[in-house]
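Before any comments, here is the structure.
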Amino acid sequence: GKTPPKKDEL
Amino acid sequence: MNIFRFLGDMSHILSFVILLLKITQGKSAAGISLRTQELYMIVFCSRYLDLFWNFSSLYNSFLKVVFIACSSAIVYIIRFKSPQKDTWNPELDNFPIQYLIGPCAVAGLLINQDWTPFEMIWAFSIYLEAVAILPQLFLLQKQGEVENLTSHYVAALGAYRGLYLMNWVYRYFTEDDYLQRIVWFAGTVQTGLYIDFFYHYYQSKRGGLSRPVKLP
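Quick mapping for you: the protein sequence lines, in order, are chains A and B.
Each residue of the first sequence is one higher than the one before, counting from 136 in this note's numbering.
Each residue of the second sequence is one higher than the one before, counting from 17 in this note's numbering.
Next up, the structure:
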């Protein structure tokens, strides 16, 4: 399934 | 990284520069909502707690520190520094921010990614950022006429949000694993809050004129 989004945005 | 996100971040930095220049060079915080600036400080301090354990890039970590430092400096100057502190009018800038912080905290507790404490805090920061501009918009509305630098400040913030929307669309179509419902929802609400302002901004700046923005 989908992995949780990486927190790569500000 | 894509061009929309990069320009969005630059536009965000530009907004800080405009505001810092205005209050340090102009020696006045008139027309600037300290309430909004305090909300941004809360937003950045809570969202970027992960500076201590998440590392995505030097760019990201550096900007996180810059955002916390800039918003804290702005709050410090308006609240404590002379002569700026005497130009802040608490009767005009009196939006009840507890009605923004409370519901956002509840929303963060209830609607988040995976029920860990940081995800709750992170979601809270996303919700709060979406509405943090409201005290500033209400203050401008009360004043009717908006000074040029203040209008450029709000415009830079609005541009940042608009560019982030485009960044999300771009990432959705170019990345397989990119899905961020909370961020998209809050970001769309946030961008929507600027639409009315941008209409009046455009009206007063078109044709190369630099008239102050008038709000009805």
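We put the CB at the ideal spot given by N, CA and C, even for glycine.
Note that the coordinates shown come from a computational prediction; the quantities given were computed from them, not determined experimentally.
inquiry  = What residue range does the alpha helix (DSSP H) around B:Leu-67 cover?
reply    = For the purposes of this step, residue 67 of chain B is taken as residue 51 along the second sequence, with counting starting at 1. Boundaries cannot be given for B:Leu-67, as no alpha helix (DSSP H) includes it and DSSP labels it neither H nor E.
task = Could you work out which residue in B:Arg-187, B:Lys-43, B:Asn-128 and B:Thr-190 is closest to B:Thr-103 when comparing CA atoms only?
result = Within the second sequence, numbered from 1, the residue matching residue 103 of chain B stands at position 87. Checked all of B:Arg-187, B:Lys-43, B:Asn-128 and B:Thr-190; the closest Cα to B:Thr-103 is B:Lys-43.
inquiry  = Buried or exposed for B:Gln-152, going by 16 or more other Cβ atoms inside 10 Å?
reply    = Residue mapping note: residue 152 of chain B aligns to position 136 of the second sequence, counting from 1. Answer is buried; the Cβ neighbour count reaches 16.
ask   = Any contact of the segment 177–187 of chain B with the segment 198–207 of chain B, i.e. 3+ C-beta pairs under 8 angstroms?
value = Touching, yes.
Top-ranked residue by Cα proximity to B:Ile-97, from B:Leu-50, B:Asp-212 and B:Arg-21 = Position 81 of the second sequence holds residue 97 of chain B. Note on identity: in this sequence residue 97 of chain B is Lys, with Ile being the wrong assignment. Closest in alpha carbon position to B:Lys-97, among B:Leu-50, B:Asp-212 and B:Arg-21, is B:Leu-50.
request  = Taking 9 angstroms as the cut-off, decide whether the C-beta atoms of B:Leu-231 and B:Gly-160 are in contact.
outcome  = Translated into positions along the second sequence, residue 231 of chain B becomes position 215. Translated into positions along the second sequence, residue 160 of chain B becomes position 144. For B:Leu-231 and B:Gly-160, yes; Cβs fall inside 9 angstroms.
query = By Cβ distance, which residues of its chain are closer than 6 angstroms to B:Phe-134, with the 5 residues on each side in sequence left out?
reply = In the second sequence, the residue the question calls residue 134 of chain B occupies position 118. Closer than 6 angstroms at Cβ, skipping near neighbours: no residue.
inquiry  = Which of the three DSSP states is assigned to A:Glu-144 in this structure?
reply    = If you number the first sequence from 1, residue 144 of chain A lands on position 9. The DSSP-derived three-state label of A:Glu-144 is coil.
Integer Cβ distance of A:Asp-143 from B:Ser-62, believed to fall under 8 angstroms = Stepping through the first sequence from its first residue, residue 143 of chain A is reached at position 8. Stepping through the second sequence from its first residue, residue 62 of chain B is reached at position 46. Between B:Ser-62 and A:Asp-143 the Cβ distance is about 18 angstroms, and since that is not below 8 angstroms, they are no contact.
Euclidean distance between Cα positions of A:Gly-136 and B:Tyr-64 = Your numbering for residue 136 of chain A matches position 1 in the first sequence. Your numbering for residue 64 of chain B matches position 48 in the second sequence. With a pLDDT of 48 at A:Gly-136, under the threshold of 50, the modelled position of this residue cannot be trusted, and the question is left open.
Within chain A, partners of B:Lys-97 - CB distance below 8 angstroms = Within the second sequence, residue 97 of chain B is the residue found at index 81, counting from 1. Those within 8 angstroms of B:Lys-97 in chain A number zero; the least Cβ separation is about 27 angstroms.
request  = For the segment 123–138 of chain B and the segment 85–92 of chain B, state whether three or more C-beta atom pairs, one from each stretch, are separated by less than 8 angstroms.
outcome  = Verdict: no, contact absent.
query = Does DSSP put B:Gly-24 in a helix, a strand or coil?
reply = In the second sequence, counting from the first residue as 1, residue 24 of chain B sits at position 8. B:Gly-24 falls in the helix class under three-state DSSP.
task = Report the rounded CA-to-CA distance for B:Ile-48 versus B:Ser-167, giving the unit in angstroms.
result = Taking the first residue of the second sequence as position 1, residue 48 of chain B is located at position 32. Taking the first residue of the second sequence as position 1, residue 167 of chain B is located at position 151. Spanning the two alpha carbons is a distance of roughly 10 angstroms.
task = Out of B:Ile-211, B:Arg-187 and B:Ile-58, state which residue places its alpha-carbon closest to the alpha-carbon of A:Lys-141.
result = Residue mapping note: residue 141 of chain A aligns to position 6 of the first sequence, counting from 1. Proximity to A:Lys-141 across B:Ile-211, B:Arg-187 and B:Ile-58 peaks at B:Arg-187, based on C-alpha coordinates.
query = Taking the C-alpha atoms as reference points, what is the distance between B:Val-229 and B:Arg-222?
reply = Looking up residue 229 of chain B in the second sequence gives position 213. Looking up residue 222 of chain B in the second sequence gives position 206. For B:Val-229 and B:Arg-222, the gap between their C-alpha atoms comes out near 11 angstroms.
ask   = Looking at the unbroken alpha helix (DSSP H) that takes in B:Ile-117, where does it start and where does it end?
value = Locating residue 117 of chain B in the second sequence gives position 101, counting from the first residue. Start and end: 114–126.
ask   = From B:Leu-30, B:Ile-19 and B:Asn-18, pick the residue whose C-alpha is nearest to that of B:Gly-174; which is it?
value = Looking up residue 174 of chain B in the second sequence gives position 158. Closest option to B:Gly-174, Cα to Cα, is B:Leu-30.
task = Compute the beta-carbon to beta-carbon distance between B:Ile-93 and B:Ile-39, rounded to the nearest angstrom, for a pair I have assumed lies under 8 angstroms.
result = Along the second sequence, one-based indexing puts residue 93 of chain B at 77. Along the second sequence, one-based indexing puts residue 39 of chain B at 23. Confirmed, Cβ separation roughly 6 angstroms.
ask   = DSSP state of B:Lys-43, grouped into three classes?
value = Within the second sequence, numbered from 1, the residue matching residue 43 of chain B stands at position 27. Secondary structure of B:Lys-43 (DSSP, three-state): coil.
ask   = CA-CA distance, B:Tyr-143 and B:Ser-226?
value = To locate residue 143 of chain B, count along the second sequence from 1; it is residue 127. To locate residue 226 of chain B, count along the second sequence from 1; it is residue 210. Here the alpha carbons of B:Ser-226 and B:Tyr-143 stand approximately 34 angstroms from one another.
ask   = Excluding five sequence neighbours on each side, which residues of the same chain lie with their C-beta closer than 6 angstroms to the C-beta of B:Leu-74?
value = For this step, residue 74 of chain B is matched to residue 58 along the second sequence. The answer is none, since no qualifying residue turns up.
query = Under 9 angstroms, do A:Leu-145 and B:Asp-212 count as touching if we go by C-beta distance?
reply = Start at 1 with the first residue of the first sequence, and residue 145 of chain A comes out as number 10. Start at 1 with the first residue of the second sequence, and residue 212 of chain B comes out as number 196. Against a cut-off of 9 angstroms, the Cβ pair of B:Asp-212 and A:Leu-145 comes out as no contact.
key: Boundaries of the alpha helix (DSSP H) in which B:Lys-158 is found, first to last residue   = Mapped onto the second sequence, residue 158 of chain B falls at position 142. Per DSSP, B:Lys-158 belongs to the alpha helix (DSSP H) from 150–159.
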